[in-house]
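Undergrad: In the working numbering, the protein residues as written are 59 to 525. Let me give you the structure first, and then I'll get to my questions.
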């Protein structure tokens, strides 16, 4: 008690001494009044007005987007009963309950719980994923949901203000501000956190603070509309270092809509080999960039559209194609069997043509020497596995690997997965795609067919009964 009194007394003495000292330097009452009522000059008022306007713009954007942002918690119960969890963010894009997030947020979870802006917690169903773009779509059943809108990410300019919203480190509804630092950023390598897939390398870069837990949340413009889905950071510490990356809204929207419509993503294929345009040549031609057609594959969409070797593609499907990444992603966003307008330069002249793109997955299967079993809805390619006892190789097993499964197909319904290795059907070794196709084409209703597979190095039998 004595120590406390001494401390208080000393503090009081200090205040008195300070007040006394100030007494020797006081201003006259009129001077004080003049300082208190002094108005800012015109320049100061203009600066303050601009600051308040920016602040109001941030508040408006936050108010628009926050009711659409969700907190995501995942749980994965292992065979040993251990529970591993993760967290991330997402954004509601449809009043019926569809939510966009990152694939890497939900890929290891067998239980997904979403917490809404109003605090409701709901079990979410995983509708589909597309790891190549690190996009996943969830669905919840709830009323009074406010969906966010997608903006035109192509129209965003470097230097424009953006807000990142999500749950960094579990702190819900955190809003941070920054600018678009760069567009079309790729080549993210070592030191990148939260990259779920290396397939997409075209990001919006921002200095808005993004941390673990922000993944899957929206990056929005000052209207509160989605310009990107936050997905990655580059950091030496694992937390924000001013280098955040978001999947452009046009890519996220296209992928999400396809997943919602079909449960799958179909990617276009143009049928060309391509090379980057030399920057000096682009400058001499007065264009920002382009992609040189190196080879036109026979009987492909490009050949049918009359593209030729050395043509320079500058735009396809409404997207500019300054480099290889931009062209690859532009092609990917165009659905197979839909026309795509192509702008290109030939011998110095700008021209246009239209191409009907093929399905990339099917094209890849054929390029790898495989084919599709239409009755099952699977794409298969020949492959050889080495059977081993321990580490000792015993024999080669020749069969067919499933590399593509069409959404809604029989194969999808009965539980085939990509990577399954087909060895035998009804005890007969499969030596050709035609042989396998005939088994299912000639199958009799009600008579079961036994398919011997190798899945994750384990032999299994799948029984199909045609109906």
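Note that beta-carbon positions come from the ideal geometry of N, C-alpha and C, so glycine has one too.
1. By how many angstroms is the C-alpha of residue 441 removed from the C-alpha of residue 341?
2. Please list the terminal residues of the continuous beta strand (DSSP E) segment that includes residue 399.
3. Considering residue 334, what are the terminal residues of the beta strand (DSSP E) in which it resides?
4. Just list the residues that DSSP pairs residue 431 with in beta bridges.
5. Using three-state DSSP, classify residue 524 as helix, strand or coil.
6. Rounded to whole angstroms, what is the Cα-Cα separation between residue 458 and residue 354?
7. Looking at the strands, I want to know which residues DSSP matches up with residue 378.
8. Could you pull out every unbroken alpha helix (DSSP H) segment of at least 4 residues lying fully inside the region 269-310, listed in chain order?
9. For residue 201, is the classification buried or exposed, using 16 other Cβ atoms within 10 angstroms of its Cβ as the cut-off for buried?
10. Going by Cα to Cα distance, which pick from 480, 167, 296 and 388 is closest to residue 518?
11. Given residue 119, which residues of its chain have a CB within under 8 Å of its CB, disregarding the five upstream and five downstream residues?
12. Report the partner residues of residue 517 according to the DSSP bridge assignment.
13. Give the range of the alpha helix (DSSP H) segment to which residue 114 is assigned.
14. Mind checking residue 510: buried by the 16 CB within 10 Å criterion, or exposed?
15. Distance, Cα to Cα, residue 408 vs residue 370?
16. Of all the options 178, 152, 144 and 402, which has the alpha carbon lying nearest to the alpha carbon of residue 272?
17. If you draw a straight line from the alpha carbon of residue 115 to that of residue 101, how long is it in whole angstroms?
18. Grab the span of the alpha helix (DSSP H) containing residue 197 for me, first residue to last.
19. May I ask you to report which of helix, strand or coil DSSP gives residue 384?
20. Just how far apart, CA to CA, sit residue 211 and residue 261?
21. Between residue 324 and the rest of its own chain, which residues show a CB-CB distance below 7 Å, the 5 nearest in sequence each way excluded?
22. How about residue 128 and residue 172: are their beta carbons less than 8 Å apart?
23. Take residue 124 and list the residues in its own chain whose beta-carbon comes closer than 8 Å to its own, dropping the five residues that flank it on each side.
24. What does the alpha-carbon distance come out to for the pair residue 493 and residue 431?
TA: Taking the coordinates as given:
1. 47 Å
2. 397-404
3. 330-334
4. 436
5. coil
6. 29 Å
7. 373
8. none
9. exposed
10. 480
11. 221, 278, 279, 280, 281 and 282
12. 512
13. 100-123
14. buried
15. 9 Å
16. When C-alpha distances from residue 272 are compared across 178, 152, 144 and 402, the shortest belongs to 144.
17. For the pair residue 115 and residue 101, the Cα-to-Cα distance works out to about 21 Å.
18. Counting along the chain, no alpha helix (DSSP H) covers residue 197; the unbroken beta strand (DSSP E) around it starts and ends at 193-197.
19. helix
20. 11 Å
21. Excluding positions up to five away in sequence, the list reads 316, 393, 394 and 417.
22. yes
23. 175, 223, 231 and 233
24. 11 Å
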